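Number of protein chains: 2
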Amino acid sequence: MRATVLYAPGDVRFEERDAPKITAPTDAIVRLSATCVCGSDLWPYRGLNPVPRPTPMGHEYCGIVEEVGRAITSVRPGQFVIGSFFASDNTCPHCLAGYQTSCQHREPVGGAQAPLLRVPLADGTLVATPEVPPDDLVPGLLAASDVLGTGWFAAVAADVKPGKTVAVVGDGAVGLLGVLSAKQMGAGRIIAMSRHEPRQKLAREFGATDVVTERGDAGVARIKELTRGVGADSVLECVGTAESMRQAIQSTRPGGAVGFVGVPHGVQLDGQELFYTHVRLHGGPAPVRRFLPELIGLVWSRTIEPGKVFDLTLPLEKVAEGYRAMDERRAIKALLRP
Amino acid sequence: MRATVLYAPGDVRFEERDAPKITAPTDAIVRLSATCVCGSDLWPYRGLNPVPRPTPMGHEYCGIVEEVGRAITSVRPGQFVIGSFFASDNTCPHCLAGYQTSCQHREPVGGAQAPLLRVPLADGTLVATPEVPPDDLVPGLLAASDVLGTGWFAAVAADVKPGKTVAVVGDGAVGLLGVLSAKQMGAGRIIAMSRHEPRQKLAREFGATDVVTERGDAGVARIKELTRGVGADSVLECVGTAESMRQAIQSTRPGGAVGFVGVPHGVQLDGQELFYTHVRLHGGPAPVRRFLPELIGLVWSRTIEPGKVFDLTLPLEKVAEGYRAMDERRAIKALLRP
Numbered sequence: 003m004r005a006t007v008l009y010a011p012g013d014v015r016f017e018e019r020d021a022p023k024i025t026a027p028t029d030a031i032v033r034l035s036a037t038c039v040c041g042s043d044l045w046p047y048r049g050l051n052p053v054p055r056p057t058p059m060g061h062e063y064c065g066i067v068e069e070v071g072r073a074i075t076s077v078r079p080g081q082f083v084i085g086s087f088f089a090s091d092n093t094c095p096h097c098l099a100g101y102q103t104s105c106q107h108r109e110p111v112g113g114a115q116a117p118l119l120r121v122p123l124a125d126g127t128l129v130a131t132p133e134v135p136p137d138d139l140v141p142g143l144l145a146a147s148d149v150l151g152t153g154w155f156a157a158v159a160a161d162v163k164p165g166k167t168v169a170v171v172g173d174g175a176v177g178l179l180g181v182l183s184a185k186q187m188g189a190g191r192i193i194a195m196s197r198h199e200p201r202q203k204l205a206r207e208f209g210a211t212d213v214v215t216e217r218g219d220a221g222v223a224r225i226k227e228l229t230r231g232v233g234a235d236s237v238l239e240c241v242g243t244a245e246s247m248r249q250a251i252q253s254t255r256p257g258g259a260v261g262f263v264g265v266p267h268g269v270q271l272d273g274q275e276l277f278y279t280h281v282r283l284h285g286g287p288a289p290v291r292r293f294l295p296e297l298i299g300l301v302w303s304r305t306i307e308p309g310k311v312f313d314l315t316l317p318l319e320k321v322a323e324g325y326r327a328m329d330e331r332r333a334i335k336a337l338l339r340p
Numbered sequence: 003m004r005a006t007v008l009y010a011p012g013d014v015r016f017e018e019r020d021a022p023k024i025t026a027p028t029d030a031i032v033r034l035s036a037t038c039v040c041g042s043d044l045w046p047y048r049g050l051n052p053v054p055r056p057t058p059m060g061h062e063y064c065g066i067v068e069e070v071g072r073a074i075t076s077v078r079p080g081q082f083v084i085g086s087f088f089a090s091d092n093t094c095p096h097c098l099a100g101y102q103t104s105c106q107h108r109e110p111v112g113g114a115q116a117p118l119l120r121v122p123l124a125d126g127t128l129v130a131t132p133e134v135p136p137d138d139l140v141p142g143l144l145a146a147s148d149v150l151g152t153g154w155f156a157a158v159a160a161d162v163k164p165g166k167t168v169a170v171v172g173d174g175a176v177g178l179l180g181v182l183s184a185k186q187m188g189a190g191r192i193i194a195m196s197r198h199e200p201r202q203k204l205a206r207e208f209g210a211t212d213v214v215t216e217r218g219d220a221g222v223a224r225i226k227e228l229t230r231g232v233g234a235d236s237v238l239e240c241v242g243t244a245e246s247m248r249q250a251i252q253s254t255r256p257g258g259a260v261g262f263v264g265v266p267h268g269v270q271l272d273g274q275e276l277f278y279t280h281v282r283l284h285g286g287p288a289p290v291r292r293f294l295p296e297l298i299g300l301v302w303s304r305t306i307e308p309g310k311v312f313d314l315t316l317p318l319e320k321v322a323e324g325y326r327a328m329d330e331r332r333a334i335k336a337l338l339r340p
């Protein structure tokens, strides 16, 4: 098969590789219906994370089970399934507590920008849809694999409640789906922080009631102004830089919560500053597995349409163009069809 | 009157000062029945916080209302009252949300190691007891002013729930009363981290089921061992150093919570480390006012006996000896009688 490999910053190749095989009785092989490029793929693409060796890329996936190891009981060949970026047994104490991305036996899933993918711990990781979906549902189901699950977790971690005021820092796909998630959870007011017109538009479609274009201290001041000096009840941090984290914390009311899901890069938090803000802080790699059954249901019933974040669709072999378009912010998120 | 003034590290004087007067219609003057030395008073006493000028000391108090400003309606002369270290209006949005120590009009209360104290915003700050208490209840009521309220907030912030496993980092008065608070909230297992025999004993009296003497990485390893590798559900951080904060975070299970109430000194949190621990973090200056009615009720009904943390009682004029005894860890906490 041909698949995606990152050789160095900016150097994405689509080249011949061995097709994956079952290597453990708990594995499954999935033939992907769709995959995509993640905002986090851009960290090494931009040289902000090292690329020590040629690396198979991709960790968002959905498709048809092709083959399963002999220990697998919960999915079978022919089913359409969705999984996420960490494989988890879904039986250990951390999984049972809903933190499958901290599973005691977790394994990263990698190399999903390809036609075929090996998923370890498939019984704990994969969730099947009621039947093979119509083609127009595939983008929404693919979104559930990571970017929707992550925005959803940001809203859960930020303790979004009906009627409350929510601010979202970051207008990437995760931030936009954080807006959708907050809306779905009944937030009364949703302030999207964005200065890009097409993203503002999508934020409003997803439920944003206000858009703030200012950043940093000016952004914080604007949030305070919109909330009569109080601050937001819940803030979703969907970027991962020192500035975005600071902006999120400072925009939150005392006793309010920040849900942070942008992988922190160069973020140091001052203990005393955090102490005096009275802010609650929770985040980490989203335990998407916890939310998958609910999210699949919402997509399946056409209650939500998270697939709208894919504003560029390419054949998988054009994957390098997907990276370029996202890097240059010409696209929010690129969907790839094997 | 004679009152306590810190001139420089180690230099506590008990000297003549003007008695406080009503300066705003929202003030009250309280004749103190008891006051005490706080762990946080030791930061400047030890030279770890600067002492730029002679500073009247003390912020824990209870006693009889002597005089009130003309705007005061909720307390009257002759009543026994308790307040805390920040005066708050108890009507602003932050107060109504239960974060009175972030009150939009908050004022520090200072100079309580004295016979008389001016309390600003007295209507919002002071809570009266049902009647003037018998003398043996005074230490418990004084504890509610800060050290019990702070331990209680640590347990609330760490989301202590019935049946859950709680660890407490710090065996000062706040940590010990964090143990008592966790017990009162129904924790199933309470692990006190202490290497001082008299404090271990009091921790057990207050409800600790286990005592861990190891610190740092060894302390974390011991907590993991006691919880079958999972970590504690809730950890109360009652010290405020970089090491104690790290120990608290690392001892918590993914999805568990750290309540931190030790004022952070030199604490920097790495964003990525926090991200991958999946820990929930909440703390700050305890909004004692939120809890005062409930805590007074528990002391009044003799359900709890938090006054046991005072293992040294001195006449107020011996205040310098109280500082010395706490600094040298000869006493957990010194109660002062004016």
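So the protein lines, in turn, are chains E and D. Counting in my numbering, the first sequence runs from 3 upward without gaps. Counting in my numbering, the second sequence runs from 3 upward without gaps. Beta carbons are placed, not taken as given, at the ideal position from N, Cα and C, and that holds for glycine. Remember, it's a predicted structure, so these values are computed and weren't measured experimentally.
Here glutamate 239 of chain E is buried: its Cβ has 16 or more other Cβ atoms, across all protein chains shown, within 10 Å. Going by DSSP, histidine 96 of chain D is part of the alpha helix (DSSP H) stretching over 95-98.
The CB of glutamine 270 of chain D comes closer than 8 Å to the CB of Gln270, Leu271, Asp272 and Gly273 in chain E, given here in chain order.
The Cβ of valine 232 of chain D sits closer than 8 Å to at least one Cβ of chain E. Here aspartate 91 of chain D has Cys97, Cys105, His107, Leu123 and Gly126 as same chain residues with Cβ atoms under 7 Å from its own Cβ, once five neighbours each way along the sequence are excluded. Shown here, methionine 195 of chain E sits in a strand according to DSSP, grouped into three states.
By the beta-carbon neighbour count (other beta carbons within 10 angstroms, threshold 16), glutamine 252 of chain E is buried. For phenylalanine 82 of chain D, not one C-beta of chain E is nearer than 8 Å to its own C-beta.
DSSP, read as helix, strand or coil, puts glutamate 227 of chain D in helix. Between leucine 204 of chain E and leucine 178 of chain E a beta carbon distance of about 6 Å is seen, short of the 8 Å cut, so the two are scored as contacting. Listed along chain D, no residue sits closer than 8 Å to leucine 143 of chain E by beta-carbon distance, the nearest being about 26 Å off. Excluding sequence positions up to five before and after valine 149 of chain E, its CB lies within less than 6 Å of the CB of Ala175, Val176 and Leu179, all in the same chain and listed in chain order. Secondary structure at threonine 279 of chain E: helix, using DSSP grouped into helix, strand and coil. At a cut-off of 8 Å, the C-beta of phenylalanine 88 of chain E has no neighbouring C-beta in chain D. Counting along the chain, glutamate 330 of chain E sits inside no alpha helix (DSSP H), nor does DSSP assign it H or E at all. Between the alpha carbons of valine 129 of chain D and phenylalanine 88 of chain D lies a distance of about 13 Å. Non-local beta-carbon contacts of glycine 218 of chain D in its own chain, meaning distances under 7 Å to residues more than five positions away in sequence, involve Glu245 and Gln249 in chain order.
Cβ neighbours of valine 77 of chain D within its own chain (closer than 8 Å, five residues either side excluded): Ala30, Val67, Val70, Val83, Ala124, Asp125, Leu128 and Ala130.
Within chain E, the C-beta atoms nearer than 8 Å to that of alanine 99 of chain D come from Arg255, Pro256 and Gly257, in chain order.
Taking the Cα positions, alanine 21 of chain E is about 30 Å away from leucine 50 of chain E. Comparing C-alpha distances from leucine 228 of chain D to each of D/Arg201, D/Glu307, D/Ala194 and D/Val241 shows the shortest one belongs to D/Ala194. Using a Cβ-Cβ distance cut-off of 8 Å, the region 258-278 of chain E and the region 271-284 of chain D are in contact, since at least three pairs of beta carbons, one from each stretch, lie closer than that value. Ranking D/Asp13, D/Ala189, D/Arg255 and D/Tyr101 by CA distance to the CA of tryptophan 45 of chain D puts D/Asp13 first.
Shown here, arginine 4 of chain D sits in a strand according to DSSP, grouped into three states.
In the three-state scheme derived from DSSP, where H, G and I count as helix and E and B as strand, aspartate 125 of chain E is classed as helix. Rounded to the nearest angstrom, the gap between the Cα atoms of serine 86 of chain D and glutamate 62 of chain D is 6 Å. Put simply, the region 298-311 of chain D does not touch the region 308-324 of chain E. Fewer than three CB pairs are less than 8 Å apart. By the Cβ neighbour-count rule, threonine 93 of chain D is exposed, with fewer than 16 other Cβ atoms within 10 Å of its own. Straight across, the Cα-Cα distance linking threonine 243 of chain D with alanine 114 of chain D is about 26 Å. Counting along the chain, threonine 167 of chain D sits inside no alpha helix (DSSP H); it lies in the beta strand (DSSP E) bounded by residues 167-171. Counting only the Cα atoms, lysine 166 of chain D lies some 23 Å from glycine 257 of chain E. Within chain E, the residues whose beta carbon sits less than 9 Å from that of methionine 247 of chain D are Gly273, listed in sequence order. DSSP, read as helix, strand or coil, puts leucine 50 of chain D in coil. The C-beta distance from cysteine 38 of chain E to leucine 337 of chain E rounds to 5 Å, short enough to meet the 8 Å contact threshold. DSSP, read as helix, strand or coil, puts glutamine 186 of chain D in helix. Of all residues in the region 280-292 of chain D, only His280, Val281, Arg282, Leu283, His284, Gly285, Gly286, Pro287 and Pro289 come within less than 9 Å of chain E when Cβ atoms are compared, listed by chain position.
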